[in-house]
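Heads up: the structure comes next, in structure tokens.
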């Protein structure tokens with residue numbers, strides 16, 4: 001069980017997955033890849049990766065670990081348990097690392113089902129965006145059994161910088177939910193502060209500079225505030241995806257009977273922007289919700 | 300008009316005012332002080348400051364500048380325009396620096412009225428708390444005419460580190476309102492993330508460490524998160540005072556027809572804690588609002 005990991009399967013070569021898989025290859029792991037849109041496998045094939053025909057085929061090739069980087073809970077379920085899914089081809093002892101952001105409750109269910117096949121699931125959602133994925137500086141929030149997590153450490157170090165093992169299965173996803181709560185409330189504070197600045201005739205950029213270094217300071221303010229000020233709404237992280245994540249937060253909060261009034265308010269702003277056609281914009285386009293209410297033009 | 304400032308009057312020797320006046324004295328400014336509770340003048344008298352009998356008396360002694368550090372809009376009005384107020388004793392050419400956090404609209408009115416007496420008002424609310432005041436590292440958000448603000452620069456440098464001149468009269472107060480908006484929304488994100496962590500069985504401190512370095516990071520999370528985790532609700536900044544500041548934000552937003560749903564939600568949490576007797580606790584006791592809803596014990 002404690003031998004080092006060499007063979008890694010990678011499922012899901014979107015922006016995040018491709019960058020992370022690329023860093024694994026650079027670190028010397030031997031890759032087998034599969035992606036729903038097959039063309040995305042090509043750059044990896046050129047660099048010597050094996051391309052599998054299906055998740056089951058990939059699993060049957062006997063990797064030590066399979067990483068998943070897909071969009072939502074339903075995608076993870078399909079890739080693991082569907083026809084031609086990982087379970088259909090896997091050998092006992094496999095570790096599945098799920099880098100997707102999905103439901104903590106579903107994660108615990110999937111871990112139980114996989115354990116019945118002698119497969120260990122480790123949830124390991126990430127934060128840090130496409131830049132962090134490319135530069136290998138992601139924060140990785142890990143949930144799963146100690147021995148598997150220890151074995152995975154060299155892989156995690158190849159793709160991330162802050163690696164936090166929170167506890168048993170599902171705790172990585174629960175931590176990611178906490179992360180998204182803090183992110184969206186911070187961004188809401190930035191957008192409302194900027195709306196107030198504009199309405200009261202302040203130079204919005206000067207206001208951001210004046211408050212950035214004190215108790216109002218945050219990553220969101222420092223990084224997204226200036227983009228909002230110059231009307232740059234290109235995505236680092238898309239509104240459609242944060243709404244997906246907030247759906248997970250909502251589901252978890254509902255099951256726990258946990259009122260999250262601030263997070264719900266932020267979600268309302270995102271929904272307003274998405275409803276107006278802004279779902280593919282970056283999260284900083286939350287500022288447009290204040291425009292849409294007729295309040296203020298942040299440009 | 301451009302000669303350097305030597306004689307400074309200080310009105311309001313509370314926690315913030317006393318620390319800031321003390322730093323002015325250390326920097327070589329000659330102080331005359333007045334405080335409603337006269338005993339707070341004693342430490343300054345011992346160090347050579349003159350003690351005035353009233354704001355009018357203080358103004359009559361002819362300082363170049365009078366600094367105010369009182370609680371609310373009504374206090375500033377009383378100290379300036381009341382019987383025995385500054386205006387009753389002031390000589391033409393006086394500059395009044397208001398370090399209090401008060402209404403931006405009222406500030407503009409006060410500036411107009413003072414101009415009729417050849418007195419210049421500069422609004423200069425601060426952020427950085429009692430620690431920043433003692434260490435002289437405050438952020439100062441300044442509104443007022445260029446020439447007066449330039450003349451005041453050596454004074455500001457004696458009490459603060461980040462000195463931002465936002466524009467004309469009232470813009471310092473407007474910027475402080477923006478600052479408080481961002482602060483309370485960030486804190487709300489921290490409290491809701493911690494509630495989610497507790498409810499889903501995470502180690503709350505581990506969660507804070509896992510997310511602090513990424514897109515969820517903020518001053519509020521780094522500084523107040525750990526205090527909440529260990530049940531330390533002692534005030535840096537009291538809930539009663541943030542509610543006073545949010546009253547100013549509300550008034551301004553109402554006049555500007557600006558909807559601030561996130562800020563209002565945060566204010567609701569603070570009100571719940573204050574209603575339960577927690578007004579003298581630090582702002583981080585917002586976390587108790589989630590307890591009071593029966594949601595979660597954050598201790």
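Residue numbers (the numbering used here), protein chains in the order written: chain A, 1 to 299; chain B, 300 to 598.
We treat Cβ as the ideally placed atom computed from N, Cα and C, and that holds for glycine.
Nothing here was measured: the structure is a model prediction, and the numbers come from that model.
As assigned by DSSP and simplified to three states, the class of residue i
i, result
"residue 326 of chain B", "coil"
"residue 9 of chain A", "strand"
"residue 364 of chain B", "strand"
"residue 50 of chain A", "strand"
"residue 280 of chain A", "coil"
"residue 260 of chain A", "coil"
"residue 247 of chain A", "helix"
"residue 294 of chain A", "Residue placement at residue 294 of chain A is flagged as unreliable, the pLDDT there being 47, under the threshold of 50; a coordinate-derived value is accordingly withheld."
"residue 218 of chain A", "strand"
"residue 459 of chain B", "strand"
"residue 601 of chain B", "Because chain B in this structure spans residues 300 to 598, residue 601 of chain B falls outside the shown range and cannot be described."
"residue 32 of chain A", "strand"
Sequence-distant residues of its chain with Cβ nearer than 8 Å to residue i (five each side left out)
i, result
"residue 580 of chain B", "532, 533, 534, 537, 538, 572 and 587"
"residue 340 of chain B", "312, 332, 333, 334, 348 and 350"
"residue 364 of chain B", "304, 306, 307, 308, 393, 394, 395, 396, 451 and 454"
"residue 270 of chain A", "184, 239, 242, 243, 246, 283, 286 and 289"
"residue 188 of chain A", "262, 265, 266, 269 and 286"
"residue 550 of chain B", "402 and 404"
"residue 416 of chain B", "386, 389 and 391"
Classification of residue i by the beta-carbon crowding that lies within 10 angstroms, buried from 16 upward
i, result
"residue 257 of chain A", "exposed"
"residue 414 of chain B", "exposed"
"residue 396 of chain B", "buried"
"residue 574 of chain B", "exposed"
"residue 310 of chain B", "buried"
"residue 403 of chain B", "buried"
"residue 373 of chain B", "exposed"
"residue 135 of chain A", "exposed"
"residue 200 of chain A", "buried"
"residue 430 of chain B", "exposed"
"residue 519 of chain B", "buried"
Test item: CB-CB of residue i and residue j under 8 Å
i, j, result
"residue 479 of chain B", "residue 526 of chain B", "no"
"residue 370 of chain B", "residue 399 of chain B", "yes"
"residue 164 of chain A", "residue 513 of chain B", "no"
"residue 202 of chain A", "residue 357 of chain B", "no"
"residue 564 of chain B", "residue 468 of chain B", "no"
"residue 409 of chain B", "residue 367 of chain B", "no"
"residue 443 of chain B", "residue 422 of chain B", "yes"
"residue 248 of chain A", "residue 177 of chain A", "yes"
"residue 425 of chain B", "residue 182 of chain A", "no"
"residue 25 of chain A", "residue 47 of chain A", "yes"
"residue 354 of chain B", "residue 375 of chain B", "no"
Test: residue i CB closer than 8 Å to a CB of chain C
i, result
"residue 502 of chain B", "Absent from the structure is chain C; the protein chains it does hold are A and B."
Beta-carbon contacts of residue i that lie in its chain and below 6 Å, excluding the five residues immediately before and after
i, result
"residue 419 of chain B", "394 and 447"
"residue 61 of chain A", "32"
"residue 175 of chain A", "141 and 166"
"residue 578 of chain B", "538 and 539"
"residue 171 of chain A", "143"
"residue 218 of chain A", "186"
"residue 316 of chain B", "368"
"residue 528 of chain B", "503 and 504"
"residue 318 of chain B", "432 and 433"
Residues near residue i in its chain [Cβ-Cβ closer than 7 Å; skip 5 each side]
i, result
"residue 521 of chain B", "511"
"residue 21 of chain A", "10, 13, 31, 33 and 44"
"residue 593 of chain B", "Residue confidence is low: residue 593 of chain B scores 47 on pLDDT, short of 50, so the model does not pin down where it sits. No coordinate-derived value is stated."
"residue 129 of chain A", "236 and 237"
Extract the residue ranges of the beta strand (DSSP E) inside the segment 386 to 450 of chain B, only unbroken runs of 3 or more that lie entirely within it. 394 to 397, 419 to 422 and 437 to 442
What alpha helix (DSSP H) runs, 4 residues minimum, are completely inside the segment 170 to 214 of chain A? 171 to 199 and 204 to 212
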